[in-house]
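Residue numbers (our numbering), protein chains in the order written: chain A, 1 to 303; chain B, 1 to 215; chain C, 1 to 478. Every residue gets a Cβ at the ideal spot worked out from N, C-alpha and C, and that includes glycine. Have a look at the structure below before the remarks.
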Amino acid sequence: MILRAIFQIGILLVLPPLLLGVVNRVKSVAAGRTGPPLLQLYSDLWKLIRKDVVYSRTTTWVFRAGPLVGLAAVATAGTMLPVAGQPALLAFPGDFVLFAYLLALARFATALAALDTGSSFEGMGAAREVSFASMAEPALFLVLVVMARATASLSLSGMLGPALAPAWKAAAPALLLSAIALFVVALAENSRIPVDDPNTHLELTMIHEVMVLDHSGPELAFILYGAAIKLFLFGALFVRLVADVGVAGFWAAEVAFVVELVGFAILVGLVESGMARLRLTRVPQMLVGASVLSVFALVLLLR
Amino acid sequence: MGSWTDIAFILVVVLDLFLLASSRLGAAIRAVALQGALLSLLAVLLTSSGHDVGHMLVVAGGAFLIKALLIPWLMFRAIREMAIRREMEPLVGYVPSILLGGLGVVLSFAFSRGLPLPTREMHPFLVPTALATVWTGLLLVVSRRKAVTQVLGFLVLENGVFVFGLLLTDFMPVMVEAGVLLDLLAAVFVMGIVMFQINREFASLDTDALSSLRD
Amino acid sequence: MVLLVLLVPLSLGAVAFAWPDNRTRPALLLAGSLVHLLGLGSLWVHPEGPVMRDYLFLDAAGKVVLTTSSILFLASAIYAQGYLRRRDDRDNRVFVGGLLILLSAMSTVGMAQHLGVLWVAIEITTLATAPLIYFNHNARSLEAAWKYLLVSSLGIALALLGTFFLALSGAGPDGPRSLLLADLVRDGAHLSRPWVRAAFVFLLVGYGTKMGLAPLHSWKPDAYGEAPGLLGALLAGGITNFAFLSVVRVFQVTSAAGEGAFARDALLGLGLLSMALAAVFMAGQRDFKRMLAYSSVEHMGILAVALGLGGSAVTGAFYHVVNNGLAKGVLFLAAGNIHRAYGSKRTDEVRGAARRLPVSGPLFLAAFLAVTGTPPFSPFWSEFMILNGAIASGRFVVAGLFLLFLAVIFIGMGATVLGVVQGSDEGAPSRPGTADGWLTAGPPVALLAMVLLLGLWLPGPLLALFDAAARLVNGGGA
Numbered sequence: 001m002i003l004r005a006i007f008q009i010g011i012l013l014v015l016p017p018l019l020l021g022v023v024n025r026v027k028s029v030a031a032g033r034t035g036p037p038l039l040q041l042y043s044d045l046w047k048l049i050r051k052d053v054v055y056s057r058t059t060t061w062v063f064r065a066g067p068l069v070g071l072a073a074v075a076t077a078g079t080m081l082p083v084a085g086q087p088a089l090l091a092f093p094g095d096f097v098l099f100a101y102l103l104a105l106a107r108f109a110t111a112l113a114a115l116d117t118g119s120s121f122e123g124m125g126a127a128r129e130v131s132f133a134s135m136a137e138p139a140l141f142l143v144l145v146v147m148a149r150a151t152a153s154l155s156l157s158g159m160l161g162p163a164l165a166p167a168w169k170a171a172a173p174a175l176l177l178s179a180i181a182l183f184v185v186a187l188a189e190n191s192r193i194p195v196d197d198p199n200t201h202l203e204l205t206m207i208h209e210v211m212v213l214d215h216s217g218p219e220l221a222f223i224l225y226g227a228a229i230k231l232f233l234f235g236a237l238f239v240r241l242v243a244d245v246g247v248a249g250f251w252a253a254e255v256a257f258v259v260e261l262v263g264f265a266i267l268v269g270l271v272e273s274g275m276a277r278l279r280l281t282r283v284p285q286m287l288v289g290a291s292v293l294s295v296f297a298l299v300l301l302l303r
Numbered sequence: 001m002g003s004w005t006d007i008a009f010i011l012v013v014v015l016d017l018f019l020l021a022s023s024r025l026g027a028a029i030r031a032v033a034l035q036g037a038l039l040s041l042l043a044v045l046l047t048s049s050g051h052d053v054g055h056m057l058v059v060a061g062g063a064f065l066i067k068a069l070l071i072p073w074l075m076f077r078a079i080r081e082m083a084i085r086r087e088m089e090p091l092v093g094y095v096p097s098i099l100l101g102g103l104g105v106v107l108s109f110a111f112s113r114g115l116p117l118p119t120r121e122m123h124p125f126l127v128p129t130a131l132a133t134v135w136t137g138l139l140l141v142v143s144r145r146k147a148v149t150q151v152l153g154f155l156v157l158e159n160g161v162f163v164f165g166l167l168l169t170d171f172m173p174v175m176v177e178a179g180v181l182l183d184l185l186a187a188v189f190v191m192g193i194v195m196f197q198i199n200r201e202f203a204s205l206d207t208d209a210l211s212s213l214r215d
Numbered sequence: 001m002v003l004l005v006l007l008v009p010l011s012l013g014a015v016a017f018a019w020p021d022n023r024t025r026p027a028l029l030l031a032g033s034l035v036h037l038l039g040l041g042s043l044w045v046h047p048e049g050p051v052m053r054d055y056l057f058l059d060a061a062g063k064v065v066l067t068t069s070s071i072l073f074l075a076s077a078i079y080a081q082g083y084l085r086r087r088d089d090r091d092n093r094v095f096v097g098g099l100l101i102l103l104s105a106m107s108t109v110g111m112a113q114h115l116g117v118l119w120v121a122i123e124i125t126t127l128a129t130a131p132l133i134y135f136n137h138n139a140r141s142l143e144a145a146w147k148y149l150l151v152s153s154l155g156i157a158l159a160l161l162g163t164f165f166l167a168l169s170g171a172g173p174d175g176p177r178s179l180l181l182a183d184l185v186r187d188g189a190h191l192s193r194p195w196v197r198a199a200f201v202f203l204l205v206g207y208g209t210k211m212g213l214a215p216l217h218s219w220k221p222d223a224y225g226e227a228p229g230l231l232g233a234l235l236a237g238g239i240t241n242f243a244f245l246s247v248v249r250v251f252q253v254t255s256a257a258g259e260g261a262f263a264r265d266a267l268l269g270l271g272l273l274s275m276a277l278a279a280v281f282m283a284g285q286r287d288f289k290r291m292l293a294y295s296s297v298e299h300m301g302i303l304a305v306a307l308g309l310g311g312s313a314v315t316g317a318f319y320h321v322v323n324n325g326l327a328k329g330v331l332f333l334a335a336g337n338i339h340r341a342y343g344s345k346r347t348d349e350v351r352g353a354a355r356r357l358p359v360s361g362p363l364f365l366a367a368f369l370a371v372t373g374t375p376p377f378s379p380f381w382s383e384f385m386i387l388n389g390a391i392a393s394g395r396f397v398v399a400g401l402f403l404l405f406l407a408v409i410f411i412g413m414g415a416t417v418l419g420v421v422q423g424s425d426e427g428a429p430s431r432p433g434t435a436d437g438w439l440t441a442g443p444p445v446a447l448l449a450m451v452l453l454l455g456l457w458l459p460g461p462l463l464a465l466f467d468a469a470a471r472l473v474n475g476g477g478a
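Written out as structure tokens, the structure is:
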């Protein structure tokens, strides 16, 4: 039992950088290049942790707290996600609200840190990020509400647990629509194309990247690591919603889960390679569209 | 998984929402063509139980030819001749359009529960889908600027009416259904001719320029 | 004979499209309308029973509307001989062919007893008219034709939805399961009322758009303003009446189903709104053809009010159909002549029409008097009948508003018409070869004479016909 819990936490802590590595690899291969090694992010994190930190004179404790709070929040959110058919480490009715708000707290901390630097680039990035988030959050909540309604459960563990399979049999189209909406939200929240380009080097076109320009050393490591965990969280949510393979046995289920997550990362990479970034004015339309899709799914369920 | 009919109805509504959000004319025309194809599929799926299958196949085939092939082809010719690719910012912006469309969908599903159907209920999604599609068509006609999008909105409206007409296949004569298809074709033909002529009279297909007559 | 009345104009229309000679083609128009009127006359004398599985039958209401339109069409056909000869620079193939098809379609509407056939025929009238509006081939008429087509098609699509609703309302186990008027009216009690109500709303909006009731009238000023005068006469005096007939048919079913009160209120509301809107927009109108369009909106409003009042006002409504149709014919034909003589429709440029066009000018003035309800012209009597109906049923507010709007319209329209007709025509633009001729001035004179005659003496059989039509609406059956 304790072994399983440790294993779950271990997956949460160890796997995320690999996912990012897979995404980057897929993008490179799609572009015809070989690309960085899959374990590149681990090397980057290790390198960054051993470096010194440099602080700007205009920053305060907020700047130093930002990455820490962000990482802590995201990791805590991870403990609420059920993995491989087991209930999550933290589960209670209404925990999906806490989940969403922990992610929001992480974003809030990062944005505050960006504003604390007093730089106009980072302020601009923070403004963009937050305004997109204001539309992505309702979409996320609507997806969660659809799932709650479909499985008649108010806890993430219940939603993604044994009640999900019968829910799919009863209301597959609705859940499919909300899965599509969830994927769109995942792309938005993780600053992927078509919302944001993680590879751009032009500050004026950045959204998430520009918020973290001033961080260095271990704090930058925390930021990168936190972003990876966030991608893992959304990936886990999506994968559990869509591809719940009823594999018996704890270890087999865990292996299946890891494989599916890699599949999710590959999908993200393919989507990023296939699309171009949307004009900034089109992003709200896309997010509102995702919300409306979820509303439609909800209407189908309520019928 | 739900039945194919469920999926077809849901896809029709999703296409409605897509049309409200789309600013690329090529994508919009393809969406309307796909919607037409789905409608002819629905015509076949809904009447496989018992009745006059032969007649239904003819209607479905005609619908497919006209809605999914002929009319989109005409539309593509129109935009190619006019070299237009995009709609300009419509009178009702995209985000409000999507929201209004979503509202329409919600209200359609909510109200159709309260409407007692005198005849056998073919499918619980039929009436709400028809109403939502009619609403979308109206929204498109009223709020868009380019004549092509207005015609697309009209086609969507006709699609919604067609869906509703499927309810009557039990006992209504062929005439009305054939008339719908025929006149839809005729209407679009004439509209198309007018559109082409619109191009020659004005430099663009922008109906704002068609507002010199005013009181 | 019924089929003959329908098919002859249609086949002549097809011939017109194939006919090579531009000069002689208008004669087909004359031939078609003569055959049509004669055929109709024979149906008056020897009435026939239902044809084509009961889909087509000329009942009292249809007789009123169809005969008015046939007379109007004949007058227009004679006018067209002169008009098209003066416009022989234009290819009149589409015009002549389209008009003949229009005649056939209008006849189908008049005789339709099946709501589906009715809908198809109305749709065909829309399709046939749109290219005709574009006869002048300029930017403004293109805009008018586009707006007309778009708005009318919208209305017709909604009318189809309403027709489906109506069919569905009768689909119950003991319902009529048919769209035949007779079946629906007979089994009215078995119709599902929520669906009938919804159907009425959509059908009123749809066919009301074709009528040009406010607020669905936006196409009218443009279409009537830009169309040639002859087409305006047919649109305002013909097609709108057929749209009214469609509304009447729908009303028959709705009141048979027990939703008559709801329908009447809706009609009253829209009718009064139309009259009010016409009154507002008629004042200060700078284009006298657009002014005529608002006059058409006003009279459609009057018809709607009459239908909504019920009882004896409905007889007045059918009487008004005839009067309005003929008077509009005079108005538009005379206005067309004036427009052609001056090359302009604007009231600041056109003056002194009475001097330059000794027939059309005074005709325009006389027609204005007729259409605003001045005795002894017949519209006075039909409007009086409607007003009587309002007061008799105790609806004093409606009667008061009715009178108020009529007065305002009289003032507004009068100012424009007097400005156009009176004064001297020095300095006003002119065009050669546009003086009054027999063919272009004769028909409107004849129509005005009919309007005057009907005002002085209403023949008994005609009144009986109006009463019979009213009985259809009020549920007496005939």
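How would you list, in chain order, the residues of chain A whose beta-carbon sits under 8 Å from the beta-carbon of residue i?
i       : result
B:Leu17 : Gly289, Val292, Leu293, Phe296
B:Leu99 : Val288, Val292
At a CB-CB cut-off below 7 Å, which residues of chain A make contact with residue i?
i        : result
B:Phe111 : By Cβ distance, chain A contributes nothing, its closest Cβ being about 12 Å from B:Phe111, past 7 Å.
B:Ala28  : In chain order: nothing, as chain A lies at least about 14 Å away.
Please name the residue, chosen from the options, that lies closest to residue i on a Cα-to-Cα basis.
i        : options                                : result
B:Gly104 : B:Ser22, B:Ala147, B:Leu17             : B:Leu17
B:Gly93  : B:Leu65, B:Val163, B:Ser143            : B:Ser143
B:Leu140 : B:Val106, B:Ala43, B:Trp4, B:Leu15     : B:Leu15
C:Gly204 : C:Ala266, C:Glu259, C:Leu231, C:Val120 : What sits at residue 204 of chain C in the sequence shown is Leu, not Gly. Taking only the C-alpha atoms, the option nearest C:Leu204 is C:Ala266.
A:Ala113 : A:Gly125, A:Ala88, A:Leu144            : A:Gly125
A:Ala5   : A:Leu89, A:Asn24, A:Ser155, A:Gly123   : A:Leu89
B:Leu74  : B:Gly165, B:Phe164, B:Leu155           : B:Leu155
Who are the near neighbours of residue i in its chain, counting only those whose CB is closer than 7 Å to its CB and skipping five residues on each side?
i        : result
C:Ala263 : Phe200, Phe251, Thr254, Ser255
C:Asp467 : Thr315
Secondary structure at residue i, three-state DSSP: helix, strand or coil?
i        : result
B:Lys146 : strand
C:Ala484 : Here chain C covers residues 1 to 478 and nothing more, so residue 484 of chain C does not appear.
A:Asp44  : helix
C:Leu203 : helix
C:Leu485 : Only positions 1 to 478 of chain C appear in this structure, which leaves residue 485 of chain C out of reach.
C:Leu180 : strand
A:Asp244 : coil
C:Val51  : strand
Give the residues of chain C in contact with residue i, contact being defined as C-beta atoms less than 8 Å apart.
i       : result
B:Val59 : Neighbours of B:Val59 on chain C: none; closest Cβ ~15 Å, over 8 Å.
For residue i, which residues of its own chain have a beta-carbon under 8 Å away from its beta-carbon, when the five flanking residues on both sides are left out?
i        : result
C:Arg93  : Ala16, Phe17, Trp19, Asn22, Arg25
B:Gly102 : Leu17
A:Leu261 : Leu15, Leu19, Phe232, Gly235, Ala236, Val239
Going along the chain, which residues of its own chain have a beta-carbon closer than 6 Å to the beta-carbon of residue i, five neighbours each way excluded?
i        : result
C:Arg290 : Pro221, Gly225
A:Gln40  : Gly21
Please indicate yes or no: does the CB of residue i lie closer than 6 Å to some heavy atom of the ligand FMN?
i        : result
A:Arg303 : Looking for the ligand FMN in the displayed structure turns up nothing, as the structure carries no ligands at all.
List, in chain order, every chain E residue whose beta-carbon is nearer than 8 Å to that of residue i.
i        : result
B:Thr119 : This model lacks chain E altogether; the protein chains it does include are A, B and C.
List, in order along the chain, the chain B residues whose C-beta lies closer than 8 Å to that of residue i?
i        : result
C:Pro194 : Leu115, Pro116
Taking Cβ-Cβ distances shorter than 7 Å, what residues in chain B pair up with residue i?
i        : result
A:Val299 : Val105, Val106, Phe109
By the criterion of Cβ-Cβ separation under 9 Å, what are the contact partners of residue i in chain C?
i       : result
B:Gln35 : Chain C residues near B:Gln35: none, gap ~15 Å exceeds 9 Å.
(request) Just list the alpha helix (DSSP H) runs in the stretch 339–390 of chain C, keeping only unbroken ones of 4 residues or longer that don't cross its boundaries, in chain order. (result) 353–356, 360–371
(request) Entirely within the stretch 27–85 of chain A and at least 4 residues each: give me those alpha helix (DSSP H) ranges in chain order. (result) 40–49, 61–78
(request) Please list the segments of the alpha helix (DSSP H) lying wholly inside the stretch 96–166 of chain C, counting only runs of 4 or more residues, in order along the chain. (result) 115–133
(request) At 4 residues or longer, and completely inside the stretch 251–285 of chain A: list those alpha helix (DSSP H) runs for me, N to C. (result) none
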